[in-house]
Amino acid sequence: MANNKEFIVLSRQDAVARNNSPYVNLKVANEEGNETICVFDVSKIDGPKVGQLVRFLTIRENNGKKSCSNMDMVSGQFPTEEHPLYKLVPRPINRELWDESIQNLLALCTDETLKGFILKQADELFPKYSKYPAATSVHHAFPGGLINHVYQMLHLLEGIYPVYPYQEDIKIERCIIATLFHDWGKICEYNVEGERLENAFLLGHIYMSANYLNGLLRDLGIDKHEINFIIHCILAHHGQLEYGSPVLPCTPEAQLINLIDNISAKADVFNTTGNMEKAFALGTNVVKG
14 MANNKEFIVL SRQDAVARNN SPYVNLKVAN EEGNETICVF DVSKIDGPKV GQLVRFLTIR
74 ENNGKKSCSN MDMVSGQFPT EEHPLYKLVP RPINRELWDE SIQNLLALCT DETLKGFILK
134 QADELFPKYS KYPAATSVHH AFPGGLINHV YQMLHLLEGI YPVYPYQEDI KIERCIIATL
194 FHDWGKICEY NVEGERLENA FLLGHIYMSA NYLNGLLRDL GIDKHEINFI IHCILAHHGQ
254 LEYGSPVLPC TPEAQLINLI DNISAKADVF NTTGNMEKAF ALGTNVVKG
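Here my numbering is used: the first residue of the sequence shown is 14, the next is one more, and so on.
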């Protein structure tokens, strides 16, 4: 179908087909909504980058999937702040939101040692997470997406914990620390452009997150039993063995971390997927009213 509308690139995922032909999945947006378009014969050094304008002369559609050839794509400029599409590019949250959420959660804590640890680590993690994506394509796949994902989980925790049934079963400090560190390994798994590094295949972010946090807590002198409960939340946060977690959630804190992780990730998928577009992370097409 003819298109030639102007879009702005929200995220980019480079890949290679079975015939060794390069292609790219571009998540793009304009005032009418979002689209994901597979563009064939595009190498890593070619085509538009995140935040760049682009037009598609012709787009083919098949069962909710859209594609075009490199010849039908025209890359544009990087827009200024005055351009109407500039505001559509996702960007890291500001520091004030992060600090406010941390302070609200600290007010719920009673373990003074872990409170101090949370405050120190939250301060150090913010600038690091603000540079990295949370994923290559599925959710929060843009530079700084990692800080937005972790913030959303913290903010969800703020709202859910006070109304959680059987609140006495939850140690909130475990949940806060696990939320802060559950995806720490992604700063070792990806570069800031979202390309997978060697450690993504050798170790994976779940192991790297758990191993790093275990060392920090051990150095702090935290009891081994308490460390195990916190690390379990990291190991189990994907919720299912087939999704990469080596263990299933077997504590209320681990189950809660899995749930808020899933809410943040799935909400981002719904938000960034176009109407009637296939969302593979959901296993269905997204319908927007």
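All residues carry an ideal CB built from backbone N, CA and C; glycine is no exception.
- Task: For phenylalanine 242, I'd like the list of residues in its chain whose CB is within less than 8 Å of its CB, leaving aside the five on either flank, ordered along the chain.
- Result: The residues are Lys184, Arg187, Thr264, Glu266.
- Task: Starting from the C-beta of methionine 166, find all residues in its chain whose C-beta is less than 7 Å away, skip the five residues before and the five after it, and write them out in chain order.
- Result: Thr192, Ile273, Asp274, Ser277
- Task: Return helix, strand or coil for isoleucine 50, following the three-state DSSP convention.
- Result: strand
- Please report the residue range of the beta strand (DSSP E) in which isoleucine 72 lies. Run containing isoleucine 72: none; DSSP gives neither H nor E here.
- Indicate whether valine 22 and valine 41 have their beta-carbon atoms separated by less than 8 Å. yes
- Out of Gly198, Glu202, Phe130, Ile270, point me to the one whose CA is closest to arginine 231's CA. Phe130
- In the DSSP assignment, find the alpha helix (DSSP H) that holds proline 35 and state where it starts and stops. Not the alpha helix (DSSP H): proline 35 falls in the beta strand (DSSP E), residues 35-43.
- Pull up the distance between the alpha-carbon of cysteine 81 and that of leucine 233, whole angstroms please. 54 Å
- Hey, how far is the Cα of alanine 249 from the Cα of leucine 226? Each residue's alpha carbon lies about 14 Å from the other.
- Message: Quick check: the Cα distance between tyrosine 164 and glycine 77, rounded to an integer number of angstroms?
- Response: In this model, tyrosine 164 and glycine 77 are separated by some 31 Å (Cα to Cα).
- Task: Grab the span of the alpha helix (DSSP H) containing threonine 286 for me, first residue to last.
- Result: It is not in any alpha helix (DSSP H) - threonine 286 carries neither H nor E in the DSSP assignment.
- Query: Going by other Cβ atoms of all chains shown within 10 Å of its Cβ, with 16 needed for buried, is leucine 269 buried or exposed?
  - Reply: buried
- Task: Under 8 Å by Cβ, that's how I've got asparagine 38 and serine 150 pegged, so tell me the actual separation to the nearest angstrom.
- Result: 6 Å
- Given 8 Å, three or more beta-carbon pairs between the segment 141-160 and the segment 203-211: yes
- Quick one: using the 10 Å Cβ neighbour count with 16 as the cut-off for buried, is asparagine 271 buried or exposed? Buried, because 16 or more other Cβ atoms sit within 10 Å of the Cβ of asparagine 271.
- Query: What are the boundary residues of the beta strand (DSSP E) that leucine 23 is part of?
  - Reply: 19-29
- Item | From Thr71, Leu118, His152, Thr93, residue whose alpha carbon lies closest to that of aspartate 85 | Thr71
- Tell me whether alanine 278 sits in a helix, a strand or coil according to DSSP, three-state version. helix
- Message: Considering Cα atoms alone, identify which of Phe20, Asp54, Asn17 is closest to arginine 31.
- Response: Asp54
- Which whole-angstrom value describes the C-beta separation of aspartate 196 and leucine 169, a residue pair presumed to lie in contact below a C-beta threshold of 8 Å? 15 Å between Cβ atoms; not a contact.
- Taking the beta strand (DSSP E) that proline 78 falls in, what are its first and last residues? According to the sequence displayed, residue 78 carries lysine and not proline. Start and end: 78-82.
- Task: Enumerate, from N- to C-terminal direction, the unbroken alpha helix (DSSP H) stretches of 4 or more residues contained entirely within the segment 206-248.
- Result: Counting only runs of 4 or more, we get 211-215, 218-232, 237-248.
- When the Cα atoms are used, what is the spatial distance from isoleucine 240 to isoleucine 190? 11 Å
- Query: Out of curiosity, what's the CA-to-CA distance linking phenylalanine 155 and valine 102?
  - Reply: 9 Å
- Item | Cβ pair glutamine 116, phenylalanine 91 closer than 8 Å | no
- Item | valine 102, DSSP secondary structure in three states | coil
- Message: Give me, in chain order, the residues of the same chain whose beta-carbon lies closer than 7 Å to that of isoleucine 50; leave out the 5 immediate sequence neighbours on both sides.
- Response: Leu39, Val41, Phe69, Ile72, Lys79, Ser80, Cys81
- Message: Using 8 Å as the threshold, is the C-beta distance between valine 67 and valine 87 below it?
- Response: yes
- Distance between glycine 157 and isoleucine 219 (C-alpha atoms, nearest Å): The alpha-carbon atoms of isoleucine 219 and glycine 157 are separated by roughly 19 Å.
- In terms of residue numbering, what span does the alpha helix (DSSP H) encompassing valine 63 cover? Element bounds for valine 63: n/a, residue is neither H nor E.
- Message: Among His153, Ala120, Tyr174, whose alpha-carbon lies nearest the alpha-carbon of arginine 104?
- Response: His153
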